Amino acid sequence: MYDIIVIGGGHAGCEASLAPARMGLKTLLITSKISRIGHMPCNPSIGGPAKGIVVRELDALGGEMGRNTDKSHIQMRMLNTGKGPAVRALRAQADKVDYPKNMQETLLNQENLTVIEDMVDDLIVEDHQIKGVILENKERIESKAVILTAGTYMKSRVMISSETRISGPDNERPSLGLSDNLRRLGFITLRLKTGTPPRVAIETVDFSKTEPQPGDMECFAFSYDTTEYKPLENQVPCYLTYTNAETHKIIMDNLSKSSMYGAIEKIESRGPRYCPSIEDKIVRFSDKPRHQIFLEPESLHIPEIYVQGLSTSLPRDIQEKIIHTIPGLENCKIVRYAYAIEYDAIEPTQLWPTLESKLVFGLYFAGQVNGTSGYEEAAGQGIMAGINAALKIQKKEPLILHRDEAYIGVMIDDLVTKGTKEPYRLLTSRAEYRLFLRHDNADIRLREYGYKIGLIDEERYKKFNNKVNNIETEKQRLSQVKINPSKSTNEYLDSIESSQLKDGITALNLLKRPEITYHHIIRLLHEEVKLSKEEIEQIEIQVKYEGYLRKTTSQVEKMLKLEEKLIPLDIDYNKILNLAIEAKQKLTLIRPLTIGQAQRISGVNPPDISILLIYLESFYRRRKGVEIDERESACEFIPE
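Using the numbering used here, the first residue of the sequence shown is number 146, and each one after it goes up by one.
In structure tokens:
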């Protein structure tokens, strides 16, 4: 008997099993192969726009992906450094061998966590309550909760042109019966697809015809607790090259041979909009004379290059012709051909914001099985499913991150409120409060949560509190220190192309100038820098963006008022007069917990929200034991 069983050892499964084990619950991870835990079947990169911030959020909560990436990377870059802090993000090229090896070591040495090799064939469900799992050999294992992180393995098939075979990624065994059994329980499933590009032998690439893309010559880390950095000179560069007219002609001439364009009849799956195959790019962007191709090393231990941007399901001989038209790859040898893969996923609107299913109590879903794409999105869901399953067993309040608190919160809210018809990918544009959701402040946003639920220990929490105190103390000090105009002061301001002072000004107000840095202030005060790089960065951002942050705070406060307006689960939307038919259908299907969630449902319009608010007012008046005068008037929440 276990407290929690986790099915699947991918990136969602790793975080989903580590979190409850670290919270003191007896946890079991069931995976097809221990050697494939944390495996990276696609590009071994971690991070990027929005995704990199998710990894920081994971670390702030007490997750493992950030720490493992810091140990396993072969290149690290901070993206969008020329833009504002809201879109900056860290990206690492992880080592395809070292990353899973380090993750496996972490899981196998984790207290309260047992890992076994097997395949789950079915779930034990009694009276809509999960009771455990049934293995392929019909062995039954009981538990109080189950977290399903099956990734892209449910009824998966690999496709290269008209050739198809039942297989998971990288020739792994698929799960053939699980999705049928989920449908038997009443779950609605989707058919999705994704793909991967070819890999080529590194010694056959002519890098002189490409543009080097080196890592940053500055120490960065995903984890707030990383103190040892890999030598910068040991980083491995990536390389940039391009397709051309010849490449595009070969693709268009052979389009009918692609799995996605006619080679397989009645294909049901939908591919990722924001990571399309090369065929999709050529068809959808026919006006583009070329497309970027990144050549990314997969590992220091494997002499292979990942050809990023060339995902395809065209036949092998056509893949050869295509790749040999690309500068630097004219004579390259393909060691693994590209393929497309389609698989079953569940409709995520069947989940509560805790990622527990609405149909079976105690059954949680996380990762690509929920219709997402990407290692980071999977890991973010994994840790939240693990945390909430553990909190429920401990009879504690769930942890639901709001849209102003984390990209993880944005993603989960999007999934359970709006659903998806194609592999979901996090983007900065999905977050309306992205100025709050920055790379630099993930710990300030989330570390308190990690500490309260037991994933952040006293030492790490003390370090965090010291950082926060240092930032606030220094901001207070700068608000009281005055810099007066003098010859030396104005000469220095001239030297850094800042206007001279005519009157005295506080150091804090001077720091608000775009061209002034904290180091300039310290120089003007004739002091030494005593704060860390992260503390200085936090002070500069909070001071310079104070006006924008205040405006966003006002927007968030309005949103939180709607989130506080709860909707009873037993409400009958069909009894609400004048509510649009589509709104009734969507509200009944999704069962939003708050007015805030309800107004984000596609098909529920402002008039529907107004009607719902007025109905709730009378609903609570009728409900026995609820004092309506203790609640705010519904009219205050009606959108303008």
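A virtual CB, placed ideally from N, CA and C, is assigned to each residue, including glycine. Small disclaimer: the values here were computed from a predicted structure and weren't measured.
Spell out the partners DSSP gives residue i in its beta bridges.
{"i": "Asp489", "result": "Arg336"}
{"i": "Arg218", "result": "For the sequence presented, residue 218 should be read as His rather than Arg. DSSP output for His218 lists Ala239 as bridge partner(s)."}
{"i": "Thr176", "result": "Glu262"}
{"i": "Cys383", "result": "Gln358"}
{"i": "Ala290", "result": "Ile149"}
{"i": "Ser320", "result": "Met299"}
{"i": "Gly277", "result": "Ile269, Glu287"}
{"i": "Tyr509", "result": "Ile292, Glu501"}
{"i": "Glu308", "result": "Ile305"}
{"i": "Arg415", "result": "Leu337"}
Roughly how many whole angstroms lie between the Cα atoms of residue i and residue j?
{"i": "Asn635", "j": "Thr355", "result": "47 angstroms"}
{"i": "Tyr147", "j": "Val260", "result": "12 angstroms"}
{"i": "Ser778", "j": "Arg768", "result": "Unreliable positioning characterises Ser778 in this predicted model, as indicated by a pLDDT of 34, which lies under 50. A coordinate reading is not provided."}
{"i": "Gln742", "j": "Thr562", "result": "7 angstroms"}
{"i": "Gly473", "j": "Pro421", "result": "23 angstroms"}
{"i": "Ile601", "j": "Arg592", "result": "7 angstroms"}
{"i": "Ala534", "j": "Ile175", "result": "17 angstroms"}
{"i": "Val242", "j": "Glu250", "result": "13 angstroms"}
{"i": "Pro357", "j": "Ala485", "result": "29 angstroms"}
{"i": "Glu363", "j": "Glu348", "result": "29 angstroms"}
{"i": "Gly512", "j": "Ala524", "result": "7 angstroms"}
{"i": "Gly155", "j": "Tyr387", "result": "32 angstroms"}
{"i": "Arg344", "j": "Leu280", "result": "35 angstroms"}
{"i": "Thr392", "j": "Asp398", "result": "10 angstroms"}
{"i": "Ile479", "j": "Arg415", "result": "27 angstroms"}
{"i": "Ile423", "j": "Gln437", "result": "10 angstroms"}
{"i": "Lys338", "j": "Ser456", "result": "12 angstroms"}
{"i": "Arg167", "j": "Thr565", "result": "32 angstroms"}
{"i": "Asp204", "j": "Lys171", "result": "22 angstroms"}
{"i": "Ala490", "j": "Arg336", "result": "6 angstroms"}
{"i": "Gln621", "j": "Lys720", "result": "56 angstroms"}
{"i": "Met221", "j": "Leu734", "result": "43 angstroms"}
Does residue i come out as helix, strand or coil in the three-state DSSP assignment?
{"i": "Arg481", "result": "strand"}
{"i": "Tyr451", "result": "strand"}
{"i": "Gly192", "result": "strand"}
{"i": "Leu170", "result": "coil"}
{"i": "Arg658", "result": "coil"}
{"i": "Pro165", "result": "helix"}
{"i": "Thr565", "result": "coil"}
{"i": "Ile650", "result": "strand"}
{"i": "Arg592", "result": "helix"}
{"i": "Arg742", "result": "Strictly speaking, residue 742 in this sequence is Gln, with Arg absent from that position. Gln742: helix per DSSP, three-state reduction."}
{"i": "Gln437", "result": "strand"}
{"i": "Lys228", "result": "coil"}
{"i": "Thr470", "result": "coil"}
{"i": "Ala390", "result": "helix"}
{"i": "Met185", "result": "coil"}
{"i": "Thr372", "result": "coil"}
{"i": "Lys627", "result": "strand"}
{"i": "Pro786", "result": "Shown here, the chain extends from 146 to 785; a query on residue 786 therefore has no answer."}
Give the single residue among the options whose Cα lies nearest to the Cα of residue i.
{"i": "Gly519", "options": "Ile152, Leu163, His184", "result": "His184"}
{"i": "Thr651", "options": "Leu623, Leu676, Ser644", "result": "Leu623"}
{"i": "Ala576", "options": "Ala587, Ile589, Leu646, Met556", "result": "Met556"}
{"i": "Glu660", "options": "Asp648, Leu670, Gln730, Ile686", "result": "Ile686"}
{"i": "Phe581", "options": "Lys696, Lys394, Asn723, Glu672", "result": "Lys696"}
{"i": "Ile305", "options": "Pro460, Glu317, Pro230", "result": "Pro460"}
{"i": "Thr334", "options": "Glu373, Thr698, Tyr488", "result": "Tyr488"}
{"i": "Glu617", "options": "Lys541, Tyr594, Ile628, Val688", "result": "Val688"}
{"i": "Leu322", "options": "Val452, Val265, Leu722", "result": "The sequence given here places Gly at residue 322; Leu does not occur at that position. Gly322 has its Cα closest to that of Val265, out of Val452, Val265, Leu722."}
{"i": "Ser301", "options": "Glu672, Gln380, Arg318", "result": "Arg318"}
{"i": "Glu702", "options": "Asp549, Asn254, Pro713, Lys731", "result": "Asp549"}
{"i": "Glu642", "options": "Asp648, Arg658, Lys466", "result": "Arg658"}
{"i": "Gly313", "options": "Tyr298, Asn326, Val278", "result": "Tyr298"}
{"i": "Thr517", "options": "Glu492, Thr499, Gly507", "result": "Glu492"}
{"i": "Phe609", "options": "Tyr369, Ser162, Glu271", "result": "Tyr369"}
Who are the Cβ neighbours of residue i in its own chain at under 8 angstroms, not counting the five residues just before and after it?
{"i": "Glu619", "result": "Leu676, Glu680, Ile684"}
{"i": "Arg583", "result": "Ile198, Pro230, Ala231, Arg233, Ile686"}
{"i": "Leu504", "result": "His273, Leu330, Gly331, Phe332, Gln495"}
{"i": "Arg579", "result": "Ala231, Val232, Thr573"}
Less than 6 angstroms between C-beta atoms, sequence neighbours within five positions excluded: which residues of the same chain meet that for residue i?
{"i": "Lys216", "result": "Asn247"}
{"i": "Pro189", "result": "Ala239, Lys241, Glu443"}
For residue i, which residues from the same chain have a beta carbon less than 7 angstroms from its beta carbon, with the 5 sequence-adjacent residues on both sides left out?
{"i": "Asn586", "result": "Gln683"}
{"i": "Asp315", "result": "Pro186"}
{"i": "Phe782", "result": "Its pLDDT being 35, under 50, Phe782 is placed unreliably in this model, and the coordinates cannot settle the point."}
Taking 7 angstroms as the cut-off, is the C-beta of residue i nearer than that to any heavy atom in the ligand MN?
{"i": "His273", "result": "Judged by which ligands are present, the structure shown has none, so any question about the ligand MN falls away."}
I'd like to know if residue i contacts chain D, where contact means its C-beta is closer than 8 angstroms to some C-beta of that chain.
{"i": "Thr251", "result": "Absent here is chain D; the protein component of the structure consists of one chain."}
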